[in-house]
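Read through the structure below, which is laid out as structure tokens, and then see the notes.
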Amino acid sequence: MLLPAAQRFALCNTFLLKCTPGLSSTAARAMSSGATPPPDVDRKGTADLTDKYMPDPVDTVCTRSVQVVTPNLFRDFGGKLRFSGQASTVKCYENNPLVRKALEEPGNGRVLVVDGGGSLRCALLGDMLAENGVKNGWSGILVNGCIRDSADIAKMPLGVKALGTHPLKSSKRDPGQRDVPVSFGGVTVSPGDWVYADGDGILVSKEELTL
Numbered sequence: 191m192l193l194p195a196a197q198r199f200a201l202c203n204t205f206l207l208k209c210t211p212g213l214s215s216t217a218a219r220a221m222s223s224g225a226t227p228p229p230d231v232d233r234k235g236t237a238d239l240t241d242k243y244m245p246d247p248v249d250t251v252c253t254r255s256v257q258v259v260t261p262n263l264f265r266d267f268g269g270k271l272r273f274s275g276q277a278s279t280v281k282c283y284e285n286n287p288l289v290r291k292a293l294e295e296p297g298n299g300r301v302l303v304v305d306g307g308g309s310l311r312c313a314l315l316g317d318m319l320a321e322n323g324v325k326n327g328w329s330g331i332l333v334n335g336c337i338r339d340s341a342d343i344a345k346m347p348l349g350v351k352a353l354g355t356h357p358l359k360s361s362k363r364d365p366g367q368r369d370v371p372v373s374f375g376g377v378t379v380s381p382g383d384w385v386y387a388d389g390d391g392i393l394v395s396k397e398e399l400t401l
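Going by our numbering, 220 is the number at position 30 of the sequence shown; the sequence numbering is gapless.
The structure is reproduced here in structure tokens:
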């Protein structure tokens, strides 16, 4: 008897983790689903990075060399909890044509930063757009707004952070702006900035951070 798809996926995921030492759970999930796993390069934890680049908390105010997004503002929804890359930005309000357009392009390991104005009245990202992000090599998506299809997105090898969820899709009337500076959560993100995100928080830097 053929097992349900969810059970087959879980068994394959468990087998890969047991038989492949050092394989991350994110990569295992990607391989189980038939997707190409992303490079395992997101090992730069935000705590380690702040220890190196912000040894004195006053640096947050005085130098602003590394910005820290307001804590506890964003929730994790993707199957990849730690992600990083250079930012590409979209500024929109309750509409997502440019979000779709961006995720249809090669991501090359970048992070799509979507400033939806903090609206909690509709979703700017769903499972189909998130699948495009996986397929086209995006490292993650940061949404200053809501997403939907969260249960499906949680199974994808993609970093996704957002303010919350909403079942209603957004409009398609006003496309918004692409690759402009966006500000929210106490930080400003410009195209080409480096974004580092994990369970401890989100960092933004003009320069690539190394450990």
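We put the CB at the ideal spot given by N, CA and C, even for glycine.
Item                                                                                                                                                                                   : Value
Are Ile337 and Phe273 close, meaning C-beta to C-beta below 9 angstroms?                                                                                                               : no
Let's test the definition: count the other Cβ atoms within 10 Å of the Cβ of Gly316 and tell me whether it reaches 16, buried, or not, exposed.                                        : buried
Which first and last residues belong to the alpha helix (DSSP H) in which Lys362 is found?                                                                                             : Premise fails: Lys362 is in no alpha helix (DSSP H) and is neither H nor E.
When the Cα of Lys270 is compared with those of Glu295, Gln257 and Asp342, which residue comes out closest?                                                                            : Asp342
Report the three-state DSSP secondary structure of Ala313 (helix, strand or coil).                                                                                                     : strand
Secondary structure at Asn334, three-state DSSP: helix, strand or coil?                                                                                                                : strand
What whole-angstrom Cβ distance do Ala320 and Leu348 have, given they're in contact under 8 angstroms?                                                                                 : 6 angstroms
Can you tell which of Asn322, Gly323, Leu332 and Ala292 has the C-alpha that lies nearest to the C-alpha of Arg265?                                                                    : Leu332
According to DSSP, Lys402 sits in a beta bridge with which residue or residues?                                                                                                        : Lying outside 191 to 401, the shown extent of the chain, residue 402 is not represented and no answer is given.
With a threshold of 16 other CB atoms inside 10 Å of the CB of Glu397, please say whether the residue is buried or exposed.                                                            : exposed
Please name the residue in Ala352, Ala277 and Leu302 whose C-alpha comes closest to that of Thr260.                                                                                    : Ala352
Go through its chain and collect everything with a Cβ distance to Pro287's Cβ below 7 angstroms, but skip five positions before and after it.                                          : Lys362 and Pro365
At which residues does the alpha helix (DSSP H) containing Val289 begin and terminate?                                                                                                 : Pro287 to Leu293
With DSSP collapsed to three states, give me the class of Asp246.                                                                                                                      : coil
Is Thr355 near the ligand MN, with its Cβ less than 8 angstroms from a heavy atom?                                                                                                     : In terms of ligand content, the structure shown is empty, and the ligand MN therefore cannot be addressed.
Leaving aside the five residues before and after Leu293 along the sequence, list all residues of the same chain whose C-beta is less than 6 angstroms from its C-beta, in chain order. : Leu319, Asn322 and Gly323
What are the residues that DSSP puts in a beta bridge with Trp184?                                                                                                                     : What the structure shows of the chain is the stretch from 191 to 401, and residue 184 is not part of that stretch, so it cannot be assessed.
From Arg311 to Leu401, what distance separates their C-alpha atoms?                                                                                                                    : 40 angstroms
Distance check for Ala237 and Leu358, CA to CA, integer angstroms please.                                                                                                              : 35 angstroms
Specify the secondary structure class of Ala341 as computed by DSSP and reduced to three states.                                                                                       : helix
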